[in-house]
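Colleague: This structure is in structure tokens; I'll ask about it shortly.
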Amino acid sequence: MDTNIANSNLKSEDYFINMGPQHPATHGVLRLLLTIDGEIIKKVEPDLGYIHRSIEKMSERDSYQQIVHLTDRMDYLSSHINNEAVCLTVENALEIEVPERVKVIRTIIGELTRIASHCLWWGVMGMDVGALTTYFYGFRDREMINDIFEETCGARLTMNYNIPGGLMFDIHPNFVKRTKEFVAHFKTKIPEYDKLLTGNVIFQKRMKGVGILSKEDAISFGASGPVARGSGYSCDVRKYYPYSALDKVTFNEALKTDGDSLARYEVRIQEMWESLSIIEQLIDNIPEGDYKVATKAVIKLPKGEFYQKVETARGELGVFINSTGTKNPYRLKFRSPGFSNLSLLNHIAVGGKIGDLVASMATLDLVIPDIDR
Amino acid sequence: MILSINIVENDIFNMLLIAAIYLGIFSVAGLFLVLLERKVAAWFQLRLGPNRVGPWGLLQTMADALKLVSKELTGTIKADKFLYNLAPYFVIISSLMALAVFPFTQEFQAFDINIGIFFLIAISSIGVIGILLGGWASNNKFALIGAMRSGVQTISYELSVGLSLVTMVLLTGTLQLSEIIEVQKSGWLIVQGHIPAIIAFMIYMIAGTAETNRAPFDMVEAESELGAGFHTEYSGMKFAYFFLAEFINMFIIAAIGTTVFFGGWLSPFGITESIPWLGIFWFLGKTFALVFLMMWFRWTFPRLRVDQLLTLEWKYLLPLNLLNIVLMALIVWLGLTIQI
């Protein structure tokens, strides 16, 4: 009797499942078309467009002040840094030198935003690997940052604090005190994060050697931010192309060479420490001065092409403006970090289990509105 | 309050009365455990938990249960109707039947059979049929993956649950639960059997947690991977059956642990032997301590991956368990047990 299944008439088919657009692990409206063989992933195809709002096209209609507001809705966890990117591009094009005070405040709030974003990522990361408690710990600390933001600019998430030429208003009198309180508080909390999740043996088993991305692949996929730095690709925009007050501070670029999920995880934890150190260096010496320089009510950029990149919590955000000298950009393009980072998901997930896919995806820290725009 | 009866000799009225009492215990315990889980989760997670319905939120699960009962039952058109509707009953009945053999006090035991431990293991295995049926009959891909995982997991970990209990049976020399407690009047079995008993207890708790499909072994309904796993397509009361059964199973695992390792209703200084009704507090106290331990696991640990789950069972727990049985046999043979 022929017992060889390959030679028999039995046919085996690939099992195809739709993960998303409504799925707890995709954190938004990302749809993954999975081809699986039992538990093993054979192919991952991301399907985008569920939250596409034509932000780039809308920008062509809007004035430069208005474009800043749209960028809040891209990567909503780094809204301040997105605003900053557009403002820096416009300021560079107009050759405006903003006051030192503005630069320092922008940097401090930018780093607070990064910590808040990483807090949320850490909570959700734990939840994706099944430890539900991390979510609440992460949100507890993020809440303090949101309160600081709320006091200063009236908004917690979509901040709109930057305008071309400076800031919308001056910082709240409590800002310095509360930021210092937060830094002192958070220094005791990161070790708590490590105790709860990082050192856990199950967590280590789930993350170590899973979703490996080599340095070459990271570069060729255009990865940036903690994803690329987890693979040993040193690419911190803050380090190589410092903007605002980042040239005045010293910090280490978090870098790991393993390229697995654990490396990406550790890079982000390390980044939280570095951000705290940046805030500490700046918070005591916020220079006195104006919080903005006067710009014309209608900003017209000179004819030409302008590009500025910044480091958001997820990686390199580039803003490209092609201006014809009118009050609207002729073309505005965002180079979002999430899009490139998502493109390597198939590469790192194939061959792993469904659980690995979820864990690897969590370490990419995807924000879907940033990918779709 | 004499409920330890011989079923054959008693009339149908008594049987119905006992059944009603046990159904009452079942639903109250289920609702209370759900509330406890939510409160414990809240304590671990810097939250308050339910605190609006009734004092300290005590009636919250009642309200939830009422909502589930009054909900319309929806299902998929292409589901296998008969199996789809049958599955929740398998799960719930297996949990309910297991409750019958527990000695809650010296006198409060519905069904004292001489193969008690064997009966418990056998009955709790029926539940997995319900899960497999539910996942298969729902005609949903996520539910099917959940059900497949469940089959793999439960069948593997039943070995460890069974063998760790067999280790203790070597010590007691009987499978009858009332006699197992009788043996423990000279010290709880975890003390009597010292090292192998402690190892058996640890294996039992790990395997028991896996057997009830709870985190860190909640592969079956891994939320971030499979949505809701095998009960994705169930709604209303049918979902509630699965949900309640999970909590009752947790109670059963803890209750077996209490009976076999921690002396059941026995208290220090023989209090519960002179005043038997106090035994229920000792029994429930010990059981809830173990339930709390399982909740502690759930709200602290991340989830294992499915292949790691099987590695843990087949490569570590099972060989350790077999060695442990040999160790226990040696200790019993050489008379090295600790008698208080």
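Chains as they are written, first to last, in UniProt numbering: chain A, 1 to 373; chain B, 1 to 340.
In this text, a Cβ means the ideal position worked out from N, Cα and C, and glycines have one as well.
Assuming contact is defined by CB atoms lying nearer than 9 Å, are B/Ile-117 and B/Leu-175 in contact in what I supplied?
Modeller: In this structure, B/Leu-175 lies closer than 9 Å to B/Ile-117 by Cβ.
Colleague: For B/Thr-232, collect the residues of the same chain with a Cβ closer than 8 Å to its Cβ; drop the 5 residues on either side in sequence, then sort them by chain order.
Modeller: Around B/Thr-232: Ser-138, Asn-140, Phe-142, Ala-143, Gly-146 and Leu-226.
Colleague: With respect to the alpha helix (DSSP H) encompassing A/Ser-277, which residues constitute its N-terminal and C-terminal limits?
Modeller: Start and end: 261-283.
Colleague: Any idea what DSSP makes of B/Met-62, helix, strand or coil?
Modeller: Of the three classes helix, strand and coil, the one that applies to B/Met-62 here is helix, per DSSP.
Colleague: Are A/Arg-114 and A/Arg-373 closer than 9 Å when you measure CB to CB?
Modeller: No, they are not a contact pair.
Colleague: Within its chain, find whatever has a CB closer than 8 Å to the CB of B/Ile-115; leave out the 5 residues flanking it on each side and keep chain order.
Modeller: Cβ within range, chain order: Leu-175 and Gln-176.
Colleague: Is the distance from the Cβ of A/Val-176 to the Cβ of A/Ile-283 below 9 Å?
Modeller: Going by C-beta atoms, A/Val-176 is nearer than 9 Å to A/Ile-283.
Colleague: Which class does A/Ser-323 belong to by DSSP, given the choice of helix, strand or coil?
Modeller: Strand at A/Ser-323.
Colleague: Less than 9 Å between the beta carbons of A/Arg-331 and A/Glu-56, yes or no?
Modeller: Yes, these two residues count as a Cβ contact at 9 Å.
Colleague: So, at 8 Å on beta carbons, what are the nonlocal neighbours of B/Asp-64 in its own chain, with the 5 sequence-adjacent residues on each side left out?
Modeller: Contacts found: Val-34.
Colleague: Looking at the C-beta of A/Arg-206, does it have a partner C-beta in chain B at a distance below 9 Å?
Modeller: It does: the Cβ of A/Arg-206 has a partner Cβ on chain B nearer than 9 Å.
Colleague: Among the residues of its own chain, which have a CB less than 6 Å from the CB of A/Ala-218, if the five just before and after it don't count?
Modeller: Closer than 6 Å at Cβ, skipping near neighbours: Ala-228, Ser-231 and Tyr-233.
Colleague: In chain A, which residues lie less than 9 Å from B/Pro-216 when you measure between Cβ atoms?
Modeller: Chain A residues near B/Pro-216: Gly-130, Ala-131 and Ile-202.
Colleague: Using CA atoms only, rank isn't needed, just tell me which of B/Phe-262, B/Ser-125, B/Phe-32 and B/Gly-173 is closest to B/Ser-150.
Modeller: Considering only alpha carbons, the answer is B/Ser-125.
Colleague: With a threshold of 9 Å between beta-carbons, can A/Lys-29 be considered close to chain B, or not?
Modeller: Rather than Lys, the amino acid found at residue 29 of chain A in this sequence is Val. So, not an interface residue.
Colleague: Spell out whether any CB of chain B is found under 9 Å from the CB atom of residue 374 of chain A.
Modeller: This structure cannot speak to residue 374 of chain A, because chain A is shown only from 1 to 373.
Colleague: Any idea if B/Ser-156 is buried or exposed, counting beta-carbon neighbours within 10 angstroms, 16 or more meaning buried?
Modeller: So B/Ser-156 ends up on the buried side.
Colleague: Between A/Asn-285 and A/Val-104, is the Cβ-Cβ spacing less than 9 Å?
Modeller: Yes. Within cutoff.
Colleague: Looking at chain B, which residues of the region 118-150 of chain A have a Cβ within less than 8 Å of any of its Cβ atoms?
Modeller: Correct list: Gly-126, Met-127, Asp-128, Val-129, Gly-130, Ala-131, Leu-132, Thr-133, Tyr-135, Phe-136, Tyr-137 and Arg-140.
Colleague: Let me confirm a value: A/Ile-11 is counted as buried when at least 16 other C-beta atoms fall within 10 Å, else exposed. Which label applies?
Modeller: The question names Ile, but residue 11 of chain A in the sequence shown is Lys. So A/Lys-11 counts as exposed.
Colleague: If you check the beta carbons only, do A/Ala-223 and A/Asn-341 fall under 9 Å apart?
Modeller: Yes, the pair counts as a contact, with Cβ atoms nearer than the cut-off.
Colleague: 9 Å is my cut-off, CB to CB: does A/Tyr-265 come that close to chain B?
Modeller: Answer no: the Cβ-Cβ gap between A/Tyr-265 and chain B never drops below 9 Å.
Colleague: Is it true that the region 85-97 of chain A meets the region 153-166 of chain A, where meeting means three or more beta-carbon pairs spaced less than 8 Å apart?
Modeller: Because the criterion of three Cβ pairs below 8 Å is met, the region 85-97 of chain A and the region 153-166 of chain A touch.
Colleague: Under DSSP, the beta strand (DSSP E) around A/Glu-45 begins and ends at which residues?
Modeller: Taken as a continuous stretch (DSSP letters only), the beta strand (DSSP E) holding A/Glu-45 covers 40-47.
Colleague: Using only the alpha-carbon positions, how far apart do A/Ile-145 and A/Leu-112 sit?
Modeller: So the two alpha carbons sit approximately 7 Å from each other.
Colleague: If we cut at 9 Å on Cβ distances, does A/Pro-24 have a partner in chain B?
Modeller: So yes, A/Pro-24 belongs to the interface.
Colleague: What residue from B/Val-69, B/Trp-136, B/Ile-25 and B/Glu-107 has the CA that sits closest to B/Lys-78's CA?
Modeller: Among B/Val-69, B/Trp-136, B/Ile-25 and B/Glu-107, the Cα nearest to that of B/Lys-78 is on B/Trp-136.
Colleague: Cβ atoms of B/Ile-252 and B/Ser-95: under 9 Å apart, would you say?
Modeller: Yes, they are a contact pair.
Colleague: On the three-pair Cβ rule with 8 Å, is the region 296-308 of chain B touching the region 189-200 of chain B?
Modeller: No, because fewer than three Cβ pairs between the region 296-308 of chain B and the region 189-200 of chain B fall closer than 8 Å, the two stretches do not touch.
Colleague: Indicate whether at least one CB of chain B lies closer than 9 Å to the CB of A/Ile-17.
Modeller: It does; some Cβ of chain B falls within 9 Å.
Colleague: For A/Asn-252, count neighbouring Cβ atoms within 10 angstroms of its own Cβ and tell me buried if that reaches 16, exposed if not.
Modeller: Exposed, by the Cβ-count rule.
Colleague: Counting only C-beta atoms, is B/Arg-303 closer than 9 Å to chain A at any point?
Modeller: Yes, because at least one Cβ of chain A sits closer than 9 Å to the Cβ of B/Arg-303.
Colleague: So which of A/Thr-295, A/Val-249 and A/Ile-321 has the shortest CA-CA distance to A/Ser-275?
Modeller: Of the candidates A/Thr-295, A/Val-249 and A/Ile-321, the one whose C-alpha sits nearest the C-alpha of A/Ser-275 is A/Val-249.
Colleague: In chain order, what residues of the same chain lie with their CB nearer than 6 Å to the CB of A/Leu-357, ignoring the 5 residues before and after it?
Modeller: Only Ile-41 and Ala-349 meet the Cβ criterion.
Colleague: Quick check on residue 390 of chain A: buried or exposed, where buried means 16 or more other Cβ atoms within 10 Å of its Cβ?
Modeller: Shown here, chain A extends from 1 to 373; a query on residue 390 of chain A therefore has no answer.
Colleague: Answer yes or no: the CB of B/Tyr-241 versus the heavy atoms of the ligand GTP, is any distance below 8 Å?
Modeller: Inclusion of the ligand GTP in the displayed structure is not the case, the ligand content being empty and no account of it being possible.
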